[in-house]
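**Q** Dropping a structure here in structure tokens format, bear with me for questions.
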Amino acid sequence: DQQVKQNSPSLSVQEGRISILNCDYTNSMFDYFLWYKKYPAEGPTFLISISSIKDKNEDGRFTVFLNKSAKHLSLHIVPSQPGDSAVYFCAASGSGGSNYKLTFGKGTLLTVNP
Amino acid sequence: DVKVTQSSRYLVKRTGEKVFLECVQDMDHENMFWYRQDPGLGLRLIYFSYDVKMKEKGDIPEGYSVSREKKERFSLILESASTNQTSMYLCASSPGGQQLGNTIYFGEGSWLTVV
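Protein chains in written order, with this note's numbering: chain A, 56 to 169; chain B, 7 to 121.
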């Protein structure tokens with residue numbers, strides 16, 4: 056049973072435009088959400104996070120939106136740059152004794168074309 | 007800077023061999039994790055440890071064991087390697103007692119091929 060879903064395996068956008076990566080979750084115990092970025096042959100690096108008490112968090116070109124009622128979050132990258140081309144993983148953690156574990160989605164490969 | 011170091015980047019092992027993947031972190035973190043990454047499957051948690059000599063199974067522990075004799079070191083053991091364990095293995099660490107967020111740090115990964 057997949058608790059964190061990234062339904063788009065890949066996304067292609069033009070440089071300078073907006074990239075929107077989507078993530079859905081099913082476990083209502085999740086209360087902290089993160090995005091990681093991964094280049095080939097490297098480990099994932101943390102990008103941005105959001106707590107369930109917020110609906111938006113912004114860091115430079117990256118903004119994460121959380122819709123708790125829909126159990127949906129999205130990552131917006133504006134403007135997109137070729138160096139943003141990578142696999143993006145959505146992850147979630149929750150209370151109830153498992154707050155140090157992350158559950159990851161399958162990832163979305165973002166390609167930003169010059 | 008926090009550093010999580012995985013001792014081997016690329017390994018090729020034969021079916022049935024015992025394989026050790028070693029991971030060391032230098033930030034005195036309580037929590038350490040082993041994930042594997044496979045195309046189309048994302049990152050899946052194999053085992054984690056929240057203290058020395060303590061371990062808990064993740065989502066896919068079958069065929070694996072772990073050892074944490076020292077706080078900074080977390081080893082993943084494949085008792086008898088099989089071809090379906092060919093994958094990229096990622097070690098990670100985080101401080102204890104607080105919510106995960108920008109505090110989980112990954113190593114660069116170990117590519118294991120079992121032939």
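All C-beta atoms in this analysis are idealised placements derived from N, C-alpha and C, irrespective of residue type, glycine included.
Verify the CB distance criterion: does B:Arg17 have a CB-CB separation below 8 Å to chain A?
**A** The residue asked about is misnamed: residue 17 of chain B is Leu in this sequence, not Arg. Answer no: the Cβ-Cβ gap between B:Leu17 and chain A never drops below 8 Å.
**Q** Could you tell me the alpha carbon to alpha carbon distance between A:Leu130 and A:Leu102, rounded to whole angstroms?
**A** Approximately 10 Å between the Cα atoms of the pair.
**Q** Which two residues bound the contiguous beta strand (DSSP E) that contains A:Thr100?
**A** Taken as a continuous stretch (DSSP letters only), the beta strand (DSSP E) holding A:Thr100 covers 100–106.
**Q** Out of curiosity, what's the CA-to-CA distance linking B:Arg15 and B:Cys97?
**A** Those two C-alpha atoms are separated by around 12 Å.
**Q** What's the C-alpha gap between B:Gln12 and B:Ile110?
**A** Those two C-alpha atoms are separated by around 15 Å.
**Q** Using 8 Å as the threshold, is the region 27–44 of chain B in touch with the region 107–114 of chain A, meaning 3 or more CB pairs across them?
**A** No, the region 27–44 of chain B is not in contact with the region 107–114 of chain A.
**Q** Which stretch, first to last residue, makes up the beta strand (DSSP E) that contains B:Val30?
**A** That run of the beta strand (DSSP E) goes 25–31.
**Q** Quick one: give me the first and last residue of the beta strand (DSSP E) that B:Thr21 is part of.
**A** Careful: B:Thr21 lies outside any beta strand (DSSP E) and carries neither H nor E.
**Q** Tell me the DSSP secondary structure of B:Asn3 in three-state form.
**A** Residue 3 of chain B lies beyond the residue range present for chain B, which begins at 7 and ends at 121; the question has no answer from this structure.
**Q** Does the CB of B:Leu118 have a neighbour CB from chain A at under 8 Å?
**A** It does not; no Cβ of chain A falls within 8 Å.
**Q** On the criterion of 16 or more Cβ atoms from any shown chain inside 10 Å, does B:Val18 qualify as buried, or is it exposed?
**A** Exposed.
**Q** What is the DSSP secondary structure of B:Leu115, counted as helix, strand or coil?
**A** Rather than Leu, the amino acid found at residue 115 of chain B in this sequence is Gly. B:Gly115 falls in the coil class under three-state DSSP.
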